[in-house]
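Engineer:
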Amino acid sequence: MLLRQYQHGSLLIGFTLLIYSLQGYTNVLAVDDIIREKQGQTVYVPCPVNKEKCGELHSLNWFKGDNRIAAMLLDDSNVTSVADGYEDRVSVEQNPFRLIIRNLQIADQDIYLCDTTYFIPIETCDNFNGHRVDLRVLVPPTEMIIWDEKGDRITNGSVIGPMQERQMLNLTCVVLNTTPLPQVGWYRGNKRLSTVDPHYDEKDGLYNVTVELSLQLSREDLGHKIECRAESAAIDNVMSTHFSLDLQVRPTNIHINGVEKYTVQGSKVVLTCSVYGARPPVNLTWMNATQTIDPADNDLTEIRTKAIEQADGTFYTQSDLLFNATRFENDKEFRCEAENIVTKMNGEKPFQALLGLEVFYPPVITLNPLNATVNTGDSVLLYCDYVANPATLKSVVWYRNGVSLNVSDNDHYKGGNSEHVALSIRHANKEDIGNYTCELTNEAGKGTSEQQIFLDVLYVPTVEVLMTPVDSVKESEEANVTLICKIIDANPPVLTKVRWYANSTLLKELPDCEETKEDLCHIDPSKLLLESIGRGFFYNYSCEGYNDAGWGPRSDDKELLVLYEPGPASIAHFPLIAVKKKSVTFSCSVDDPGYPETNSFRWLRGGRPTNSDTKDYTIEPVGLDSRTNYSCYAFNAGGKGAMATVNLEVHAPPFFIKNLPPYTGMLHTSRNANLTCRIECVPRCEISWLKDGVAIEKNDTRYFVKDKYMDASPATGDFESMLSVLHFNMSNWPNNKFDIEGDNANYTCISTGNAVGPGIKSATYFSIEYAPDNTTVSEEVVYVPEETIPGRVICKSRANPEPTYEWRFNDKTVIRGNALIINTPMTRNDSGRYTCVAYNKHGRSSAETVIDVQYKPRCEIERVEIDDQDTLICTAYGNPEEADFSWSIKAENESVESLGSGDSKTFKDKSYYVLKEDYEIARTYRCVANNSVGVGTFCEIEVAATPFFIIWWKEQLAWWQRWDKPALIILVASILVLLLAVIIICCIIICICRRRRRQDKLQEKSSSMADPLTEPGEYENLPFHGLQTAPNKQDFVDPYKGSNTYIF
1 MLLRQYQHGS LLIGFTLLIY SLQGYTNVLA VDDIIREKQG QTVYVPCPVN
51 KEKCGELHSL NWFKGDNRIA AMLLDDSNVT SVADGYEDRV SVEQNPFRLI
101 IRNLQIADQD IYLCDTTYFI PIETCDNFNG HRVDLRVLVP PTEMIIWDEK
151 GDRITNGSVI GPMQERQMLN LTCVVLNTTP LPQVGWYRGN KRLSTVDPHY
201 DEKDGLYNVT VELSLQLSRE DLGHKIECRA ESAAIDNVMS THFSLDLQVR
251 PTNIHINGVE KYTVQGSKVV LTCSVYGARP PVNLTWMNAT QTIDPADNDL
301 TEIRTKAIEQ ADGTFYTQSD LLFNATRFEN DKEFRCEAEN IVTKMNGEKP
351 FQALLGLEVF YPPVITLNPL NATVNTGDSV LLYCDYVANP ATLKSVVWYR
401 NGVSLNVSDN DHYKGGNSEH VALSIRHANK EDIGNYTCEL TNEAGKGTSE
451 QQIFLDVLYV PTVEVLMTPV DSVKESEEAN VTLICKIIDA NPPVLTKVRW
501 YANSTLLKEL PDCEETKEDL CHIDPSKLLL ESIGRGFFYN YSCEGYNDAG
551 WGPRSDDKEL LVLYEPGPAS IAHFPLIAVK KKSVTFSCSV DDPGYPETNS
601 FRWLRGGRPT NSDTKDYTIE PVGLDSRTNY SCYAFNAGGK GAMATVNLEV
651 HAPPFFIKNL PPYTGMLHTS RNANLTCRIE CVPRCEISWL KDGVAIEKND
701 TRYFVKDKYM DASPATGDFE SMLSVLHFNM SNWPNNKFDI EGDNANYTCI
751 STGNAVGPGI KSATYFSIEY APDNTTVSEE VVYVPEETIP GRVICKSRAN
801 PEPTYEWRFN DKTVIRGNAL IINTPMTRND SGRYTCVAYN KHGRSSAETV
851 IDVQYKPRCE IERVEIDDQD TLICTAYGNP EEADFSWSIK AENESVESLG
901 SGDSKTFKDK SYYVLKEDYE IARTYRCVAN NSVGVGTFCE IEVAATPFFI
951 IWWKEQLAWW QRWDKPALII LVASILVLLL AVIIICCIII CICRRRRRQD
1001 KLQEKSSSMA DPLTEPGEYE NLPFHGLQTA PNKQDFVDPY KGSNTYIF
């Protein structure tokens, strides 16, 4: 064994030297595998081992660069070791062999060598140089940032600007904290932009990459994103950040289209100016010659401008100038100018386009003279001058008051055509008065004069009489009436004189300059004032007028109506005394009906107007609010007559405001009890009380009555009423409480009659109430076999009012009502107490019945040892618990033998059967239990046969081997205690003897030597007798002698 371990140690030392000699070559030899993994992940570095080609593996060593970080020795112990600093993250495992690195870090990136050592290498082995893995740690960039030339950060997806074409854009893209080194570039869409060489910084194995972009902006940048992209093995997809440009560019083209040859005045002209290629949209300005067109200056001019963004990001701007063509736009030049911020900031002139316009327009007319006055029979000439494009006229039409004239009547008209536009009127008359206009037509259309020539022809007046106020006046108002002689037709329409007539008799001619009593010379003769109109002014009035043409005809007659009010009113009503809930009728009359004669009356109730306007006024039904005053008066268009007023007296027959309820329940222990009734009656009535039809005497101390006459209540409409309260004086009742049987009675409240109605009465049954008590059930215990329906159980209780019943089981209501009726077969879980609860508003009471569900027993057999006897116990589970048992045995030949009932041992649900010892064959024991419900199913237990050698062995046992376990334990424990006591005594004796022997030797030495025994080195010179080691010496132990420890 020692030789074999020495050989293993020699081999290990040799392999170790070989490994160290090869370490210098690990970095120059080829790499077998490359593993890439992200920082923080777990990586598995494989170590291929081919035992068939190389033999049995002795050990493995893992190197990171030149440093060994893990080793594994493959023997019976499979020892592994990990270098310091790697214990928490690095481990090795086999099947397959691999190195596991957890929580991968940047520092873990290196060339890893798995060096294998075999006990006896085979020539076919090709793994002498180990397995090399290039482990590359991938770290995605923590951030990608774009900075502008001011050092401000541009967020991803943002829009920068506005910027203008030809402007320089300087940006910097920075990719932070990544490895391996990424490829970073700038892109416009999918096109890579040329940039200067990237700048790289490396710290702790991580790279920061900076790429700058200097770009002169142009239209090519419209609609594209400027993007910085980074690609490397550490990035799953391309990492990018981008922004969009708000780029502004100048327009590229402008033109106007619209009218090609000419347009006609009044036509809708649309001139469209189109501008292309601008961003932002251009501002468009329309000009008429050198004047800017502003729609605010002309409601008929409209400019509609819209800008539509194109696919390339520029805007197509369209501006429509809409206006109605007039003669003022003829031969005018329209110009459209366009500019945006780019042209403004660069000082460029606006883009512009021009379009000339020719307008055909109808004649524009000027009339003269504008006013002309002639006498009847005179002639007059009217002129119509004009300008037009084209100037040739197609037709001429003259109008008077909007109606065309027939100028072909040469006796009355001359001219008025395309050759002689002016119109001459001969022998003017009344029909020639009016406003004259002319209408001229050319190729462009019709022209109508905006001016008018007013021709006036003088004639005598026609008049009519008007009154103010119109038609009629009231005598009571003593008003003035003005008569007006109104001109119906006259020229001139001014009356210089007027003659007034009453019933065709001349009253006055105005003005009257010869009158000396009044100043009637300088007044308006068309008005005549009548003062303080009364009944004596009933006349038909007329007038005739005079103007510069002479006196006109007299007018039609106009009647003046004078209105006056009716005479005083009087009131009567039936009946004289009204009764509540009945009706009363009032009648109003007058002797003088007035003018016009009236049939209209106004009624007031309590000083407030009603909706009635007839002679009679009825109130039905009469109520408390009817007790007030009533007034009436007659009225017509002339006014209202004198008012009459009367007061109404109202009585009320006896009527219950509050009657007795049909039933009055009173708790028998109540201390306060009373009955109340209230009767409305006017005149007053009296109230008395009856018990069971007999009047309650005033000297009955068990009662006292309080009466009060109540005032009327407008809120409820109740008249005066009598309130009576019957109080129960409980202190004078036996036991100060009601008797639940004897004090039930009928109580009656009765009133006397009055002048308008008979007496009334109300009765109540006064019932003494009490909580449920003496609750009982018809069956206190109900026995029911399982799967059968039990009989009903009736619950009764005494209470007033009658109680409500419910049956409860397990705190849940199962039945509502006094009968417990269960219509489903009972199960053993339905056993228990069922509670009947009787309750009313005063309390509750309960009673219980027990339902005992009985069922056949089931049995279980267990085998136990009782008093060193092998015993079978059969336990029955049933209701009732008391059961009878029957034991039997079934042998292997299926024969059954009865064993009796067993031994109950005072248990009513158990039976014991003692097995006979040492059966040579297996047997099955059966047990059947039955109770008062019936016989249950049998249960059985298998008892195996006793082996022959056990039977023989039991016969050979000594007497103590036949003891039971408790006796044997007690015996063994006693022997151990005795033995321990003997050992302790022996140890004490030995210690005492050794101590005495040492003392004896010390005494002998002290007698032969003068130096004390405590001198250092005393024991060094003594001969060694094999008894003990000197106290200041240590035993020397050869560390190599007898050691078989293998040191690795």
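Counting in UniProt numbering, the sequence shown tops out at residue 1048, every number present. Think of the CB as a built atom: it goes at the ideal place given N, C-alpha and C, for glycine as much as any other residue.
Determine the closest residue to D700 out of N729, R684, A799, N480, with distance taken between C-alpha atoms.
Structural biologist: It is N729.
Engineer: Could you please give me the residues that DSSP links to I254 through a beta bridge?
Structural biologist: Answer is V275, bridged to I254.
Engineer: Check whether the Cβ atoms of V211 and V184 lie closer than 9 Å to each other.
Structural biologist: Yes, Cβ-Cβ distance for V211 and V184 is below 9 Å.
Engineer: Using the beta-carbon count (16 or more within 10 Å), is E419 buried or exposed?
Structural biologist: E419 is exposed by the Cβ-count criterion.
Engineer: For A838, is the classification buried or exposed, using 16 other Cβ atoms within 10 angstroms of its Cβ as the cut-off for buried?
Structural biologist: Buried, since its Cβ has 16 or more Cβ neighbours within 10 Å.
Engineer: Could you tell me which residues DSSP puts in a beta bridge with I866?
Structural biologist: Partner(s): Q869.
Engineer: For residue 1049, which option in I687, Y805, F809 has the closest C-alpha, if you only look at C-alpha atoms?
Structural biologist: Outside the displayed range of the chain (1 to 1048) lies residue 1049, so it cannot be described from this structure.
Engineer: Closer than 6 Å by C-beta to S587: which residues in its own chain qualify, once you throw out the five before and the five after it? Chain order, please.
Structural biologist: A572, D616, listed in sequence order.
Engineer: Can we say the segment 931-947 touches the segment 876-896, given the rule of at least three CB pairs closer than 8 Å?
Structural biologist: Taking 8 Å as the limit for Cβ pairs, the verdict is that the segment 876-896 does touch the segment 931-947.
Engineer: Once you ignore the five residues that flank T26 on each side, which residues in its own chain have a CB closer than 8 Å to its CB?
Structural biologist: Reliability of the predicted coordinates at T26 is poor, the pLDDT of 38 falling under 50, and the value obtained from them is presented with this limitation in mind. Counting only Cβ-Cβ distances below 8 Å, and skipping sequence neighbours, we find F63, G65, D66, I111, L113, G130, R132.
Engineer: Among the residues of its own chain, which have a CB less than 8 Å from the CB of G1042, if the five just before and after it don't count?
Structural biologist: Only weak support exists for where G1042 lies, its pLDDT of 37 falling under 50; the value from the coordinates is given anyway. Within the same chain, G1042 has no close Cβ partners at all.
Engineer: Out of E56, V43, P48, P390, state which residue places its alpha-carbon closest to the alpha-carbon of D32.
Structural biologist: It is P48 whose Cα lies nearest to the Cα of D32.
Engineer: Ordered along the chain, which non-local residues of its own chain (more than five positions away) have a Cβ less than 6 Å from that of T610?
Structural biologist: Same-chain partners within the cutoff: W603.
Engineer: How about the segment 117-124 and the segment 76-94: do they share at least three Cβ pairs that are nearer than 8 Å?
Structural biologist: Counting Cβ pairs under 8 Å, fewer than three are found: no touch.
Engineer: Since I believe A634 is in contact with residue 1065 (beta carbons under 8 Å), could you give me their beta-carbon distance rounded to a whole number of angstroms?
Structural biologist: Residue numbering for the chain in the displayed model covers 1 to 1048; residue 1065 lies beyond these limits and cannot be assessed.
Engineer: Look up residue 1052 in the DSSP assignment and give the residues it is bridged to.
Structural biologist: The chain is shown only over 1 to 1048; residue 1052 falls outside these bounds and no answer can be derived.
Engineer: Assuming S898 contacts S888 (C-beta within less than 8 Å), just tell me the rounded distance between them.
Structural biologist: Going by Cβ atoms, the distance from S898 to S888 rounds to 5 Å, so yes, they are a contact pair.
Engineer: Under a Cβ-count criterion, where at least 16 other Cβ atoms within 10 Å of its own Cβ denotes burial, should C986 be classed as buried or exposed?
Structural biologist: Label assigned to C986: exposed.
Engineer: Starting from V935, follow the beta strand (DSSP E) in both directions and report where the run begins and ends.
Structural biologist: No beta strand (DSSP E) holds V935; DSSP gives it neither H nor E.
Engineer: Given this structure, state the Cα-to-Cα distance separating residue 1089 from W186, to the nearest angstrom.
Structural biologist: Only positions 1 to 1048 of the chain appear in the structure, and residue 1089 is not among them; the question remains open.
Engineer: Whose C-beta lies closer than 6 Å to the C-beta of S631 among residues of the same chain, with five residues either side of it excluded?
Structural biologist: Counting only Cβ-Cβ distances below 6 Å, and skipping sequence neighbours, we find L604, M643, T645.
Engineer: How would you call I984, buried or exposed, if buried means at least 16 neighbouring beta carbons within 10 angstroms?
Structural biologist: Exposed.
Engineer: Check the Cβ-Cβ distances between T179 and every residue of chain B, and say whether any is below 9 Å.
Structural biologist: The structure shown contains no chain B, having only a single protein chain.
Engineer: Which same chain residues end up closer than 8 Å to Q1028 when comparing Cβ atoms and leaving out the 5 residues on each side of it in sequence?
Structural biologist: Residue confidence for Q1028 is low, a pLDDT of 37 falling below 50, so the modelled location carries little weight and cannot support an answer.
Engineer: Would you kindly work out how many angstroms separate the C-alpha atoms of C228 and S194, rounded to a whole number?
Structural biologist: C-alpha separation (whole angstroms): 12 Å.
Engineer: Closer than 8 Å by C-beta to G223: which residues in its own chain qualify, once you throw out the five before and the five after it? Chain order, please.
Structural biologist: Here the set comprises A311, D312, G313.
Engineer: Distance check for L690 and I696, CA to CA, integer angstroms please.
Structural biologist: Distance between the alpha carbons of I696 and L690: 5 Å.
Engineer: From which residue to which residue does the beta strand (DSSP E) around K910 run?
Structural biologist: Unbroken beta strand (DSSP E) run through K910: 910-914.
Engineer: So the beta strand (DSSP E) C939 belongs to, where does it begin and stop?
Structural biologist: It spans 939-943 - the beta strand (DSSP E) in which C939 sits, taken as one unbroken run.
Engineer: Specify the secondary structure class of V407 as computed by DSSP and reduced to three states.
Structural biologist: Three-state result, V407: coil.
Engineer: Can you list, in chain order, the residues of its chain whose CB lies under 6 Å from that of N754, leaving out five sequence neighbours each side?
Structural biologist: Cβ within range, chain order: C681, P683, C685.
Engineer: Excluding the five sequence neighbours on either side, which residues of its own chain have a C-beta within less than 6 Å of the C-beta of P46, listed in chain order?
Structural biologist: Cβ within range, chain order: R98.
Engineer: Hey, is the segment 784-796 in contact with the segment 843-851, meaning 3+ C-beta pairs nearer than 8 Å?
Structural biologist: In short, these stretches touch, since the Cβ pair count reaches three.
Engineer: Could you pull out every unbroken beta strand (DSSP E) segment of at least 3 residues lying fully inside the UniProt domain "Ig-like" (251-352), listed in chain order?
Structural biologist: List check, beta strand (DSSP E) in window: 253-257, 268-278, 283-288, 302-309, 315-324, 332-339.
Engineer: Buried or exposed: W286, going by 16 or more other Cβ atoms within 10 Å of its Cβ?
Structural biologist: Result: buried.
Engineer: Pull up the distance between the alpha-carbon of H412 and that of L458, whole angstroms please.
Structural biologist: Rounded to the nearest angstrom, the two C-alpha atoms are 18 Å apart.
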